[in-house]
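For the sequence shown, this note's numbering begins at 664 and goes up steadily by one. The structure appears right after this line, and notes come after that.
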Amino acid sequence: MDDLQLPTHSASRTSSTSTTASATYTGEHDRSQSETTLFSIYSMYSSDPPPVPAKEHIPIVSVTRPDSYRNSLKSNGFSDSNLAYYDPDVPPKPPPTRTIDLTKAGVINGPPRVSSLRPVSDYTASTSSMRMSLTPAEERRASTGHTHSPSLHSSRQSSRHSSSRPESLLAPLPAVPVSGHPTPPPTPPPPISPRLLATGVPSPTLPLKHPISDYTIPGSKTSLVPSEGEDLDGFHVRNTYAQLEMSGVKGDGYEEGVERTRARIGTSRASQAFAENAVGDGTEKSQELDPKEIQTLVAVDRYGFFSTPSHDRLVLLPKAPFVKPLAVIRAGPSSSKPSAQSLDTVPPAPLPPKEASRIEKWTRMMEPSARQGSNTQTWRVKASKQGKLRLRAYKGVPDRWRPAAWDMFMNNIARTSPAEMARLSQQYREGLDKPSTYDIQIDLDVPRTISGHIMFRTRYGAGQRSLFHVLHCFSLRCSQCGYVQGMGPIAATLLCYFDPEKAYASLVRLHDAYGMHTIFSPGFPGLLEAIYLQERITEQMMPDVYAAFKKHTISTTSYATKWYITLFSNSVPFQTQLRLWDAFLLEGTDLFVAVAVAIVWVYRDHITSAAANFETILSLLSSFFVPEDEDSLLLWIEKTLGDKKLRSSMTRWRADWKELVAAGKDVTALL
């Protein structure tokens, strides 16, 4: 597959960024300014408001060291748990000391009434407040987090024999909030020919409630105690995800969940019980589906979305301009409207009409390249079918084949061996127990990364935990890049098709072989290089558009930054993004330069309109684009990148950019 490997382009560093739509170009080489830029960028594409706390009007309390205050809690008979927060300034009135004899309570063989989620520490609960002995089997269940977390109702039943507190004094649990998002009608799967049923093709990719991996994340004690010098707030975040990874959460995929890190759990008995009741009890994976879960699963579309994310500006990307290939063209009539056709909603994802036939074609084209027993680990294209790969990728990889195809594309460019993939998997597992200075920011971004998707719906559900762990481990990989918010949508898309370990390995391959290191590095040198190429193509092929940008002082960084940093994750519908990624993983970084040029090409008459101004142009190019016909868009991009003369010019412009950076002239080289 040598013909698929493209040269890796490394860009020189610069620190030119644009923090807002009207920001000017600056040359400061400062990491904090770069991150501030990303925060501003992220606000442009994040449509979800931050989740509200589980209980309204909860006071925000500061985190205290666990040693001093936890001892005072234990002396007053409170449970030692990091899943609830207590106000150190106004401690709650302690309840009467109670002694529970399980033999008299009649629950000696029942589940223990202690939380299996306590972190491992030197602090042990006083035996005067509770006498309990666990059998070896129960101890094993407790150590792995598979003990049954008792509900408030069961706790009342077991304590009724020994507690003198009236039952009526216990506050009732508030109702668990459910999503109010509208759900689109389900899309039926494509018909598959009987011949394929006997063929070893990949199984359909469905959103999994519990992602399957060759390695289960261990309930490591390392994540349950702070590392030396670790920030306590950061440890609380990492500790919470580690504990919930062992226990799971209830209602994963169809409930909103309970916030535990961004908003503190209240000190009231009802608030703490509500939070404790939301923790999984270890039986979630084996029990029958809840009616709410069935209702949600029926409503999701073919990609796992139960609701369509809302966007401020939806515009149609018409197919008519794609009839003409990229060439030198003058401005259209000056009487053109400055705005494009707007849409009210994103239409539901249609079923590709040729999905079934394309599955058959890919089945005939692909063959196993590595096996582990009877399971195929990696795939390759048959030698006789190599000439068909590029066009079939642009026509859209069938969703059933997408995980195998994406993995193959990345292996071809990154030259990743099975031994290297095993090493990356080991690196991921080891990184789970290491602290990261980015954990707090990652935790803030996780719930708002991909809205409306069943896998990422529930707070601290399997999808959100996987997303946190992948970003956490990746933030430890490169000291220069660390973590920036554009990584979240990329990792979430990968998790829709890969388990966490492979999603992490895929991020590493994008970082190392696809030039994403230069995109995420301080100053975003790769981003600026891509923008330089985009401007050169615009200047050469659409000179009137380039002149309009200069006239209205439109900086390309003000609208295109989020395109390149998120790989168009929040600028086009999900199904369009997948098709762009099909081509990107095959072609390399030039793909998204061509996508950016395609958008400007479509709206060239609006940009050069006599009625256009700074606001109308920037608003148009900052919109969410809904293609009228995805095939027309992808075919236009395929022809553009197939132009050998243009690709040669792009190579020359990359070299020119490096010279500008070396000479310190890059600051004035962009619009």
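Every residue, glycine too, gets a C-beta built ideally from N, C-alpha and C.
Own chain, CB closer than 6 Å to residue i, minus 5 neighbours either side, in chain order
i, result
"residue 963", "969 and 1117"
"residue 1314", "none"
"residue 830", "Confidence in residue 830 is poor, its pLDDT being 36 and thus under 50, which makes the residue's placement unreliable; the coordinate value appears in the next sentence. Taken in chain order, the list of residues that qualify is empty."
"residue 1212", "1334"
"residue 907", "1123"
"residue 1127", "1109 and 1119"
Environment of residue i [buried if 16+ CB atoms lie within 10 Å]
i, result
"residue 1276", "exposed"
"residue 1015", "buried"
"residue 1230", "buried"
"residue 1163", "buried"
"residue 1234", "buried"
"residue 1196", "buried"
"residue 1331", "exposed"
"residue 1218", "buried"
"residue 1297", "buried"
"residue 1068", "buried"
"residue 1037", "exposed"
"residue 1327", "exposed"
"residue 752", "Its pLDDT being 47, under 50, residue 752 is placed unreliably by the model, and the measurement read from it follows with that caveat. It counts as exposed."
"residue 957", "exposed"
"residue 1216", "exposed"
"residue 1058", "buried"
"residue 1204", "buried"
DSSP state of residue i mapped onto helix, strand, coil
i, result
"residue 977", "strand"
"residue 888", "coil"
"residue 1203", "helix"
"residue 808", "Model confidence at residue 808 stands at a pLDDT of 40, short of 50, so the residue's coordinates are unreliable and nothing is read from them."
"residue 918", "coil"
"residue 1278", "helix"
"residue 634", "Any question about residue 634 goes unanswered here, given that the chain covers just 664 to 1334."
"residue 1034", "strand"
"residue 912", "strand"
"residue 1212", "helix"
"residue 1197", "helix"
"residue 1290", "strand"
"residue 1040", "strand"
"residue 968", "strand"
"residue 1138", "helix"
"residue 1234", "coil"
"residue 942", "strand"
"residue 1311", "helix"
"residue 1221", "helix"
"residue 1020", "helix"
"residue 998", "coil"
CA-to-CA distance, residue j to residue i, given in whole angstroms
i, j, result
"residue 1262", "residue 980", "8 Å"
"residue 1208", "residue 998", "15 Å"
"residue 1161", "residue 1070", "9 Å"
"residue 615", "residue 1324", "The question about residue 615 has no answer here: the residues shown for the chain are numbered 664 through 1334."
"residue 1249", "residue 1185", "27 Å"
"residue 1285", "residue 909", "42 Å"
"residue 942", "residue 1206", "60 Å"
"residue 1267", "residue 1239", "21 Å"
"residue 919", "residue 1119", "10 Å"
"residue 961", "residue 1222", "37 Å"
"residue 1088", "residue 1168", "7 Å"
"residue 1237", "residue 891", "42 Å"
"residue 921", "residue 1121", "8 Å"
"residue 896", "residue 1294", "48 Å"
Nonlocal neighbours in the same chain, by C-beta distance under 7 Å from residue i, ignoring five residues either side
i, result
"residue 1279", "1001 and 1002"
"residue 1288", "978, 980, 1234, 1235 and 1262"
"residue 1166", "1133, 1154, 1157 and 1158"
"residue 1032", "1041, 1042 and 1043"
"residue 1269", "999, 1000, 1001, 1002, 1003, 1275 and 1283"
"residue 1182", "1189, 1190, 1227 and 1228"
"residue 1232", "1152, 1153, 1156 and 1240"
"residue 1319", "none"
Beta-carbon contacts of residue i that lie in its chain and below 8 Å, excluding the five residues immediately before and after
i, result
"residue 1254", "1243, 1246, 1247, 1300 and 1304"
"residue 1146", "1099, 1101, 1104, 1105, 1134, 1137 and 1138"
"residue 1201", "1208, 1209, 1212, 1260 and 1263"
Any non-hydrogen atom of the ligand GDP within 8 Å of residue i CB
i, result
"residue 1004", "Absence of the ligand GDP from the depicted structure is noted, as is the absence of any ligand whatsoever, leaving it without description."
Inspect the CB distances between the segment 1126-1141 and the segment 1086-1101 and report whether three or more fall short of 8 Å. yes
For the segment 1150-1157 against the segment 1187-1194, are there 3 or more C-beta pairs whose distance is under 8 Å? no
Counting Cβ pairs closer than 8 Å, one from the segment 1096-1111 and one from the segment 1124-1132, do we hit at least three? yes
Counting beta carbon pairs with one atom in the segment 1163-1179 and one in the segment 1067-1079, are three or more of them shorter than 8 Å? yes
Meets three-Cβ-pair contact criterion under 8 Å: the segment 1035-1051 and the segment 1007-1023: no
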